Amino acid sequence: MSMRPEAELPFFFGPDDGLFGMYHAPDLPPRRAVLMCAPLGQDLIRCHRLYRQLAQTLAREGLAVLRFDYHGTGDSSGGSAEVDWERCVADTLVAAAELRKRARVDRVIGFGARLGGSIAMCAADRARLGEVIAWDPVLDGDGYVAALDAMQAALREDAERFTRPRSHADVAEQWLGFDIGDRLRGQLSALTLGAPNVPMLVLDSLPEWEASRWDRLASPRGKVAGISPPTPWNDLRRLETAILSQPLIQAVSGRLKESA
Numbered sequence: 001m002s003m004r005p006e007a008e009l010p011f012f013f014g015p016d017d018g019l020f021g022m023y024h025a026p027d028l029p030p031r032r033a034v035l036m037c038a039p040l041g042q043d044l045i046r047c048h049r050l051y052r053q054l055a056q057t058l059a060r061e062g063l064a065v066l067r068f069d070y071h072g073t074g075d076s077s078g079g080s081a082e083v084d085w086e087r088c089v090a091d092t093l094v095a096a097a098e099l100r101k102r103a104r105v106d107r108v109i110g111f112g113a114r115l116g117g118s119i120a121m122c123a124a125d126r127a128r129l130g131e132v133i134a135w136d137p138v139l140d141g142d143g144y145v146a147a148l149d150a151m152q153a154a155l156r157e158d159a160e161r162f163t164r165p166r167s168h169a170d171v172a173e174q175w176l177g178f179d180i181g182d183r184l185r186g187q188l189s190a191l192t193l194g195a196p197n198v199p200m201l202v203l204d205s206l207p208e209w210e211a212s213r214w215d216r217l218a219s220p221r222g223k224v225a226g227i228s229p230p231t232p233w234n235d236l237r238r239l240e241t242a243i244l245s246q247p248l249i250q251a252v253s254g255r256l257k258e259s260a
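In terms of the UniProt record's numbering, the sequence shown has 35 at position 35, counting the first letter as 1, and numbering is strictly consecutive.
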């Protein structure tokens, strides 16, 4: 069955129309909407197809969905060296308001993978999100930065990709092909997240599933669910491979049906 032309609408919005969005419209007027907060860097590229699949699934189930790019990412204005954590959170507030206006609903649920989940958590109160569904969110920014630094160092000497190791100068201030500014590095290193003041579901697909790793998110309105197989976020051998997960789509869809 062909998708009607207006079902996926690309557009620009926000200050100076600098943010790019893709609005997924359901067949009937929706009662709820989902704001999809993208991760950053290589995770954004690898999750692009899955985000679209999830958005299409949720739209078929009657929810309005907005995918969008923060300033300096994707098709929004700005370069990757300009990505700023506080700006990402601020862009999320703008996107939530835009989604409410387009869908003509008040209840918006935030979804995000990795740093996208972290951004949704940070924005939850000010964006008036009714719930956050976070897939393997980053709670310890310092550990995340250390892991990316280690992957970048290993990639520099990867004999399967390069005939000889690249110089430190060639890859300075980069994470896996993306420029990284000192400001964002510092912001992520200082990032420590706890539970937002809204209902939350954490979908855990990290290796060696441990509910205890999410202890800081414990709250009467918080829930953790494991999904498998594990997601290879930090596997350099699969760096160019898209992140696809039908269990993730099923888990998000199921959660939203439960809370309808």
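All C-beta atoms in this analysis are idealised placements derived from N, C-alpha and C, irrespective of residue type, glycine included.
Here the structure is a predicted model, which is why all the values come from computation and not from measurement.
- Here the C-alpha atom of Arg156 lies approximately 43 Å from the C-alpha atom of Arg221.
- A straight line joining the alpha-carbon of Arg114 with that of Leu66 spans about 18 Å.
- Excluding residues up to 5 positions away in sequence, Phe12, His71, Ser76, Ser77 and Gly78 lie with their Cβ nearer than 8 Å to the Cβ of Gly18 in the same chain.
- Runs of the alpha helix (DSSP H) spanning 4 or more residues and lying entirely within the region 4-29 do not occur at all.
- Per DSSP, Gly143 is one residue of the alpha helix (DSSP H) stretching across Gly141 to Arg156.
- Taking a cut-off of 8 Å on C-beta distances, the region 197-204 touches the region 129-141, as three or more cross pairs fall below it.
- Sorting Pro229, Ala97, Gly194 and Leu176 by C-alpha distance to the C-alpha of Leu44 places Leu176 at the top.
- In the same chain as Asn234, and ignoring 5 residues on each side of it, the C-beta atoms closer than 7 Å to its own belong to Ala147 and Met151, in chain order.
- Per DSSP, the beta-bridge partners of Glu131 are Ile109.
- When C-alpha distances from Gln56 are compared across Leu9, Glu208, Thr92 and Leu129, the shortest belongs to Leu9.
- Nearest C-alpha to Gly62 among Pro29, Glu210, Pro230 and Ala123: Pro29.
- Going by DSSP, Leu217 is part of no alpha helix (DSSP H) at all; its letter is neither H nor E.
- Annotation: Arg32 is outside any beta strand (DSSP E) and is labelled neither H nor E by DSSP.
- In the structure shown, the three-state DSSP call for Val202 is strand.
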